[in-house]
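Trainee: Submitted below is the structure of interest, expressed as structure tokens.
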Amino acid sequence: MSRRLGLIIGISHYQDATFRPLQYAENDARALAQWLVNTRGGKWSPGDVQLVQGPHATQELVQPLISQTCLQLAEANDLVMIYFAGHAFVDERSGEGYLALSNTRYQQPSSGLHLPSFIMQVMARSRAAHILLILDAFQTGPTWAARRISPFDFRPLMGEPLMNSLQQQGNRFLLCSCRGNEMASEAGEHQLGLFAHHMIVGLCGPAGNNSGSISLHQLHSYLYSSLGPQQQPHLFGRVQSPSILIGDLPAPQSPSTPTPEPSSQTFSRNNAYAAPSAASPFAPTSSQASPNAHPAATVQLSPQPTASANSDLYLNVTGMQYQQQVPQLLEQAQQSMLAQNYMEAMNQIERVLQIAPNNTSALTLKGQLLGSMGRFQEALAVVDQLGQANPNNPLAWSMRAVLLSNTGQYQTALTAIERSLQLNPNDAETLAIKANILAALNEPQGGSQSSPLTTSKLLSGNEKKGGPVSFLIGAALQIGGFLVGTIGMALPILKPSIPVLASFALASFGLAVLCVNSFRGAYRHGFTRILLTLFVCLIAGGVLAVAYKFGYTPMVDMVTAPTAVATHPPMIVSVILFAGWLIAAATIPLLLAIIGFISRLIWRRPKRG
């Protein structure tokens, strides 16, 4: 069976003063480890995730743990993730990259974790299907600063040989983010570093899709788009198959031919990553422990957020994520319902209820949606949950009345609607529901039943008025307003004897109808009404263009004729005003329709009545 193995390392304080103290490194490691094993988080097996932090994260402990995890524990089809939050540096003599552990000396690079040995020995020899090393590292040292070609470049740590090695191996990845350097300080959010905070938020859902699975490349895309230049991660490695971090792992594949071990020359760095023997466990026994060993250095993690000292960090991150996700998902669900995409709306509502099972807006949406789909018994169960959360919620009682009426239980529905009226006596919609129920009760048995009540009114109070009849009415108003305004502006030209105020009144009325109907239609019914407004505006612009192209000369002759000049107002003034009105009719309604549509997206919320 495929597994996910995690080794999470965080170091904030070092024995060597060359490595400045870090504010968030250990917090980040604790929060990530706790989230991975949490039943509301990554759901990784707690026994497969180890946390090493602070002074315990020495070279003597971390290197054997890495070897043990990658070379002994990891089987074919497993995924190994190693997260490192701390300092990284480049050896001034060899130019090779190192990760600084708690007892690393900058002037003695061999006391750190040698990155080339890890990539060329451990990654290359491991049977794991996927290995991911996440470096949330502070870039330390003058050699790194001298070699970088951009402010937060990680290539000096890697070097061309290591990047080429990753490309040759396949499914071996480094995800690197700059925690800080000599030019940029460490930055945080909600007691965590920016990169770790956004990574946990992304793994909670935003980085993925509706499938529930999140791959490494989805996470990388999310982080790259949501973080600033300093923390934007850089991914090195070659993809052979998706690395699934969250969700169901792919079915195990048949074992492939083992990767040949590197030559002995590859192990020249003091054989730092030779696989430990079977007698060398993670935490040495008392008979084996050296004076510097830490038998309790690795932390036992709990799948429950309240069972660990890390719970505050975990809840802080996930709570923030909930606040960000819930309104967005509810808005998406409402839009899906307006588009009658019920299955998509249901998926979005269920995601909200997984985060907040008693969210009133989500339960209301779900009840309305189930009622619209004809699943009345399921909708009643949702309404029961709403009522338990708040027995004095008039909307819940109204929804219950509608659903009971649709199932033929009119007497019980009447009791429910009367309870709703007790709580909200002046609600017109509730009174209308009661009238429909009374009408159904007064019908003779066996007679034709009135059409079922719908629950869609109960969510937002906005009936589905965007049908063909509504569209035709809107079109008639648009065209009628245009014709009235056109006639009003044409009268002084065709009949100069007609009072000017009368023609101006007609033109103003027509333009007002165009503007009001354009804004109202786009706000209430969406994008289709913008198209209708655009059509009428094109007609206005077309009339003006045709008049200019084919009637310019005759019009000039007409307005300059002695009889035209003698009219009141002069003919030329009437023609200019007519042209100005056409320009206004071609632009102002369209602008108002766009404003109305944007307002709909921003302000439209569920409300009653």
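Oh and the sequence shown: position 9 is 139 in our numbering, straight run, nothing missing.
Just so you know, even glycine gets a beta-carbon here, dropped at the ideal spot from N, CA and C.
Looking at Ala314 and Pro286, is the spacing between their C-beta atoms short of 9 Å?
Mentor: Reading the sequence shown from its first residue, position 156 is the one you call residue 286. Reading the sequence shown from its first residue, position 184 is the one you call residue 314. Their beta carbons are not under 9 Å apart, which means Pro286 does not touch Ala314 by this criterion.
Trainee: Report the rounded CA-to-CA distance for Ala620 versus Ile725, giving the unit in angstroms.
Mentor: Counting from one through the sequence shown, the residue named residue 620 turns up at place 490. Counting from one through the sequence shown, the residue named residue 725 turns up at place 595. Going by the C-alpha atoms only, they are around 30 Å apart.
Trainee: When DSSP labels each residue in this structure, what does Phe366 get in the three-state scheme?
Mentor: For this step, residue 366 is matched to residue 236 along the sequence shown. In this structure, Phe366 counts as strand in the three-state DSSP scheme.
Trainee: Once you ignore the five residues that flank Ile660 on each side, which residues in its own chain have a CB closer than 7 Å to its CB?
Mentor: Against the sequence shown, residue 660 aligns to sequence position 530. Only Ala652, Ala723, Ile724, Phe727 meet the Cβ criterion.
Trainee: When the Cα atoms are used, what is the spatial distance from Ala413 to Tyr213?
Mentor: Counting from 1 along the sequence shown, the entry for residue 413 is found at position 283. Counting from 1 along the sequence shown, the entry for residue 213 is found at position 83. Residue confidence for Ala413 is low, a pLDDT of 34 falling below 50, so the modelled location carries little weight; the figure read from the coordinates is stated next. For Ala413 and Tyr213, the distance between alpha carbons rounds to 20 Å.
Trainee: For the beta strand (DSSP E) holding Leu265, just list the boundary residues, first then last.
Mentor: Sequence index remark: in the sequence shown, residue 265 carries index 135 (1-based). Run containing Leu265: 260 to 270, per the beta strand (DSSP E) assignment.
Trainee: Between which two residues does the beta strand (DSSP E) carrying Cys308 extend?
Mentor: Reading the sequence shown from its first residue, position 178 is the one you call residue 308. It spans 302 to 310 - the beta strand (DSSP E) in which Cys308 sits, taken as one unbroken run.
Trainee: Tell me whether the beta-carbon of His244 lies closer than 9 Å to the beta-carbon of Ser307.
Mentor: Taking the sequence shown and counting its residues from 1, the one referred to as residue 244 is at position 114. Taking the sequence shown and counting its residues from 1, the one referred to as residue 307 is at position 177. It is not a contact, given that the beta carbons lie outside the stated cut-off.
Trainee: Under 7 Å Cβ to Cβ from Leu201, same chain only, skipping five residues before and after it: list those, please.
Mentor: Mapped onto the sequence shown, residue 201 falls at position 71. Excluding sequence neighbours, Leu201 sits near Val252, Arg255, Ser256, Ala405.
Trainee: For the putative contact between Ser491 and Tyr472, defined by C-beta atoms under 8 Å, what is the C-beta separation to the nearest angstrom?
Mentor: Start at 1 with the first residue of the sequence shown, and residue 491 comes out as number 361. Start at 1 with the first residue of the sequence shown, and residue 472 comes out as number 342. With a Cβ gap of about 17 Å, Ser491 and Tyr472 do not count as contacting.
Trainee: Measure the CB-CB distance between Ser241 and Gln189 and report whether it falls below 9 Å.
Mentor: As a working note, residue 241 is residue 111 in the sequence shown. As a working note, residue 189 is residue 59 in the sequence shown. Closer than 9 Å, so yes.
Trainee: Helix, strand or coil: which one does DSSP assign to Phe282?
Mentor: In the sequence shown, counting from the first residue as 1, residue 282 sits at position 152. The answer is coil: DSSP assigns Phe282 none of H, G, I, E or B.
Trainee: Over what stretch of residues does the beta strand (DSSP E) that includes Val220 continue unbroken?
Mentor: Residue 220 sits at position 90 when you count from the first residue of the sequence shown. Its beta strand (DSSP E) spans residues 209 to 220.
Trainee: Alpha carbon to alpha carbon, how far is Ala531 from Ala558? Give it in angstroms, no decimals.
Mentor: Within the sequence shown, numbered from 1, the residue matching residue 558 stands at position 428. Within the sequence shown, numbered from 1, the residue matching residue 531 stands at position 401. Answer to the nearest angstrom: the Cα atoms are 15 Å apart.
Trainee: Going by C-alpha to C-alpha distance, which of Val331, Ala642, Ala709 sits closest to Pro719?
Mentor: The residue you call residue 719 lines up with position 589 of the sequence shown. The shortest Cα separation from Pro719 among Val331, Ala642, Ala709 belongs to Ala642.
Trainee: Tell me whether Ser704 sits in a helix, a strand or coil according to DSSP, three-state version.
Mentor: For this step, residue 704 is matched to residue 574 along the sequence shown. Three-state DSSP puts Ser704 in a helix.
Trainee: Output the distance between the C-alpha atoms of Glu319 and Lys564, rounded to the nearest integer angstrom.
Mentor: Translated into positions along the sequence shown, residue 319 becomes position 189. Translated into positions along the sequence shown, residue 564 becomes position 434. Approximately 52 Å between the Cα atoms of the pair.
Trainee: For a minimum of 3 consecutive residues, which ranges assigned as the beta strand (DSSP E) are wholly contained in the segment 526 to 567?
Mentor: Those beta strand (DSSP E) runs which fall completely within the segment 526 to 567 and span 3+ residues do not exist here.
Trainee: How would you call Glu312, buried or exposed, if buried means at least 16 neighbouring beta carbons within 10 angstroms?
Mentor: For the purposes of this step, residue 312 is identified with residue 182 of the sequence shown, where counting begins at 1. With fewer than 16 other Cβ atoms within 10 Å, it is exposed.
Trainee: By DSSP, does Ser315 sit in helix, in strand, or in coil?
Mentor: For this step, residue 315 is matched to residue 185 along the sequence shown. Coil.
Trainee: What alpha helix (DSSP H) runs, 4 residues minimum, are completely inside the segment 314 to 361?
Mentor: If we require 4 residues or more, the alpha helix (DSSP H) runs fully inside the segment 314 to 361 come out as 324 to 333, 346 to 356.
Trainee: Tell me which same chain residues have a C-beta within less than 6 Å of the C-beta of Ile261, skipping the five on either side of it?
Mentor: The residue you call residue 261 lines up with position 131 of the sequence shown. Here the set comprises Val210, Met253, Arg302.
Trainee: Would you mind sorting Pro291 into buried or exposed? The rule is 16 or more other CB atoms within 10 Å of its CB.
Mentor: In the sequence shown, the residue the question calls residue 291 occupies position 161. It is exposed - the Cβ of Pro291 has fewer than 16 other Cβ atoms within 10 Å.
Trainee: Could you tell me which residues DSSP puts in a beta bridge with Val749?
Mentor: Residue 749 lies beyond the residue range present for the chain, which begins at 131 and ends at 739; the question has no answer from this structure.
Trainee: Around the Cβ of Leu588, are there at least 16 other Cβ atoms within 10 angstroms (buried) or fewer (exposed)?
Mentor: Within the sequence shown, the letter at position 458 stands for residue 588. At Leu588 the pLDDT is 45, less than 50, meaning the model places this residue with poor confidence and gives no usable figure here.
Trainee: Please specify which runs of the beta strand (DSSP E), each continuous and at least 3 residues long, are wholly inside the segment 170 to 195, giving them in chain order.
Mentor: Correct list: 179 to 183.
Trainee: Is the Cβ-Cβ distance between Val513 and Ala486 less than 9 Å?
Mentor: Your numbering for residue 513 matches position 383 in the sequence shown. Your numbering for residue 486 matches position 356 in the sequence shown. No. Outside cutoff.
Trainee: DSSP on Arg134, reduced to helix/strand/coil?
Mentor: The count along the sequence shown starts at 1 and reaches residue 134 at position 4. The answer is strand: DSSP assigns Arg134 an E or B state.
Trainee: Three-state secondary structure (DSSP) at Ile728?
Mentor: Here residue 728 refers to the residue found at position 598 of the sequence shown. In this structure, Ile728 counts as helix in the three-state DSSP scheme.
Trainee: Reducing DSSP to helix, strand and coil, say where Gln470 ends up.
Mentor: Along the sequence shown, one-based indexing puts residue 470 at 340. Three-state DSSP puts Gln470 in coil, outside helix and strand.
Trainee: Would the beta-carbon of Glu310 fall within 9 Å of that of Phe268?
Mentor: Taking the sequence shown and counting its residues from 1, one reaches residue 310 at position 180. Taking the sequence shown and counting its residues from 1, one reaches residue 268 at position 138. Note that residue 310 corresponds to Gly in the displayed sequence, not to Glu. Against a cut-off of 9 Å, the Cβ pair of Phe268 and Gly310 comes out as a contact.
Trainee: Let me check you understand the geometry: is the CB of Ser502 closer than 8 Å to at least one non-hydrogen atom of the ligand MG?
Mentor: Judged by which ligands are present, the structure shown has none, so any question about the ligand MG falls away.
Trainee: Please classify Lys496 as buried or exposed, where buried requires at least 16 neighbouring CB atoms within 10 angstroms.
Mentor: On the sequence shown, residue 496 is found 366 positions in, with the first residue counted as 1. Label assigned to Lys496: buried.
Trainee: Considering only DSSP beta bridges, list what Gln238 is partnered with.
Mentor: As a position in the sequence shown, residue 238 is number 108, starting the count at 1. According to DSSP, which records beta bridges pairwise, Gln238 is partnered with Arg235.
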